[in-house]
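Protein chains: 2
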Amino acid sequence: MTTEESILKAARKVFQRKGLEGARMQEIADEAGINKALLHYYFRSKENLFEKIFSEAFEKMLPAVSGYLSEATNLRQFVVFFIEKYFELISEMPYAPQFILQEINRNPNLIANLTGKFGLPVELVKELIKREADAGLIVPIRPEHLMINIISMIIFPFAAKPIIMTVLFKNKQQAYDEFLNQRQAVIADFVLAAITIKKCDQ
Amino acid sequence: MTTEESILKAARKVFQRKGLEGARMQEIADEAGINKALLHYYFRSKENLFEKIFSEAFEKMLPAVSGYLSEATNLRQFVVFFIEKYFELISEMPYAPQFILQEINRNPNLIANLTGKFGLPVELVKELIKREADAGLIVPIRPEHLMINIISMIIFPFAAKPIIMTVLFKNKQQAYDEFLNQRQAVIADFVLAAITIKKCDQ
DNA sequence: GTCTATATGCAGATAGAC
DNA sequence: GTCTATCTGCATATAGAC
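Residue numbers (numbering that gives the first Met the number 0), protein chains in the order written: chain V, 0 to 201; chain Y, 0 to 201.
Pasting the structure below:
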């Protein structure tokens, strides 16, 4: 691992836990096992290093949707596929969601620079949901609500990890991990049950 | 409004947006229309002022559950009642959830001081869900998942407001507000549909 | 490229007049 | 209680040796 890579790795860890303002260049340097001055040699400023980490996290989190869309032929298939893939993605970077929400909340301008990229896939998903709802294949629901419902249930348990672990699992890491492992299937079942029309046609 | 009240109001606003580390005492003073030194006269330190704001927000958010529980006779009733009340609560302090998650993420010790209070109501809700699931009145689901599903769908749209407004509503505040207004009913419908057993007994 | 030593600026906190 | 002026420490950033 090169010095630059170990800096980025350390910066990811510290920034995602503490945020831009809470992070200390000293802590990042310690974490990377190098000197503070080297940080400024590789990345001119703290802001600059932060910007790298933030946009990297942001880009990994958001546009994932578009890929899954083309592979699904109907909404139910897409929902299952999306939950699976998005869940795996977040599992690999569990602190990213809370980090992104935190920093955008602190400085809403961060979002402006990165916008535009995700307009298209969102519209496609909206259309898919609307089409099936209009055709009576699923329960009538506004696409925006269904999308947010799914995303909420995936992301929130990661963002609220410390509280959930304390309140529901007496701070037992293992119990929380087991809970997370179940969620992928649970969310899929939950969503499909919610959007399925209850008919007696058998 | 007394000086102390206007300080607390200003501190709430600034801390909830910027967090402990991101907030500046100068900004709080400006927001309150007073001098920086007065902050230290009323509250000895930044940490001290922050602690007031944080525990106030935390206590308002969490133990709300217990009250609603006694008024409901079955799970479906409780779910509807809980969503309604919790939604109203958060609407009044929309920045609190993200703020709490952020600060606990930065400093997990914050949760230790405040724990213990919510053990009881959570256990009662768990039992209620388990009882109805075992009795076949609702779909089988682990209580923890159902609770987190509901909380997720309520809280996330507030925590992710800037992103949602940009990605789904082209930064139109009005469209986002309308979306939020619908959510209370949408979430209730969604959850009830998901936990209802699909039978053909009519 | 990597370090030690140092400069710079800013934010939290205090002193003291009114 | 409220202000202006000032102190202090710390975190970012730079200089310069190796």
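Idealized CB from N, CA, C, for every residue including glycine. Model, not experiment: these values are computed from the prediction.
In chain Y, which residues lie less than 7 angstroms from residue i when you measure between Cβ atoms?
{"i": "Phe-86/V", "result": "Residues of chain Y passing the Cβ test: none, with the nearest at roughly 13 angstroms."}
{"i": "Val-138/V", "result": "Ala-192"}
{"i": "Leu-68/V", "result": "Simply none; closest approach about 15 angstroms."}
{"i": "Leu-100/V", "result": "Gln-97, Ala-158, Ala-159"}
{"i": "Phe-53/V", "result": "Result: empty, since nearest Cβ-Cβ is about 13 angstroms, beyond 7 angstroms."}
Tell me the DSSP secondary structure of residue i in three-state form.
{"i": "Met-146/Y", "result": "helix"}
{"i": "Lys-198/Y", "result": "coil"}
{"i": "Asn-47/Y", "result": "helix"}
{"i": "Ala-111/Y", "result": "helix"}
{"i": "Lys-169/Y", "result": "coil"}
{"i": "Met-152/Y", "result": "helix"}
{"i": "Leu-61/V", "result": "coil"}
{"i": "Ala-28/V", "result": "helix"}
{"i": "Ala-22/Y", "result": "coil"}
{"i": "Pro-161/Y", "result": "helix"}
{"i": "Val-121/V", "result": "helix"}
{"i": "Val-138/V", "result": "coil"}
{"i": "Ala-193/Y", "result": "helix"}
{"i": "Asn-73/Y", "result": "coil"}
{"i": "Thr-2/V", "result": "helix"}
{"i": "Phe-53/V", "result": "helix"}
{"i": "Pro-93/Y", "result": "coil"}
{"i": "Phe-42/Y", "result": "coil"}
How would you label residue i, buried or exposed, when you count the other beta carbons within 10 angstroms and need 16 or more for buried?
{"i": "Met-152/Y", "result": "buried"}
{"i": "Glu-46/V", "result": "exposed"}
{"i": "Tyr-40/Y", "result": "exposed"}
{"i": "Gly-18/V", "result": "buried"}
{"i": "Lys-160/V", "result": "buried"}
{"i": "Ile-6/V", "result": "buried"}
{"i": "Leu-119/Y", "result": "exposed"}
{"i": "Pro-139/Y", "result": "exposed"}
{"i": "Met-0/V", "result": "exposed"}
{"i": "Ala-134/V", "result": "exposed"}
{"i": "Asn-148/Y", "result": "buried"}
{"i": "Asn-104/V", "result": "buried"}
{"i": "Arg-11/V", "result": "buried"}
Which chain Y residues sit within Cβ distance under 9 angstroms of residue i?
{"i": "Glu-20/V", "result": "Lys-17, Gly-18, Leu-19, Glu-20, Gly-21, Ala-22"}
{"i": "Val-121/V", "result": "Val-166, Leu-167"}
Under 8 angstroms between beta-carbons, which chain Y residues line up against residue i? List them in chain order, please.
{"i": "Pro-107/V", "result": "Pro-161"}
{"i": "Phe-189/V", "result": "Ile-140, His-144, Asn-148, Ala-193"}
{"i": "Ile-110/V", "result": "Pro-161, Ile-162, Thr-165"}
Run down chain V in chain order and give the residues with a C-beta less than 7 angstroms from the C-beta of residue i.
{"i": "Met-152/Y", "result": "Asn-148, Ser-151, Met-152"}
{"i": "Arg-130/Y", "result": "In chain order: nothing, as chain V lies at least about 18 angstroms away."}
{"i": "Lys-197/Y", "result": "Lys-197"}
Quick one: which chain V residues come within Cβ less than 8 angstroms of residue i?
{"i": "Ile-103/Y", "result": "Pro-161, Ile-162"}
{"i": "Lys-45/Y", "result": "Neighbours of Lys-45/Y on chain V: none; closest Cβ ~13 angstroms, over 8 angstroms."}
{"i": "Pro-156/Y", "result": "Ile-147, Ser-151"}
{"i": "Gln-181/Y", "result": "Arg-141, His-144"}
{"i": "Phe-117/Y", "result": "Val-166"}
Taking Cβ-Cβ distances shorter than 9 angstroms, what residues in chain V pair up with residue i?
{"i": "Ala-178/Y", "result": "The amino acid occupying residue 178/Y in the given sequence is Phe; Ala does not appear at that position. The answer, in chain order, is Arg-141, Glu-143, His-144, Ile-147."}
**Asked** Using 8 angstroms as the threshold, is the stretch 182 to 191 of chain V in touch with the stretch 76 to 92 of chain V, meaning 3 or more CB pairs across them?
**Response** yes
**Request:** May I ask you to verify whether the stretch 86 to 100 of chain Y touches the stretch 31 to 39 of chain Y, counting CB pairs closer than 8 angstroms and requiring at least 3?
**Result:** no
**Asked** Are the stretch 63 to 74 of chain Y and the stretch 123 to 130 of chain Y touching, with three or more C-beta to C-beta distances below 8 angstroms?
**Response** yes
**Segment contact, 8 angstroms Cβ cut-off, at least three pairs: the stretch 154 to 172 of chain V with the stretch 99 to 110 of chain Y** = yes
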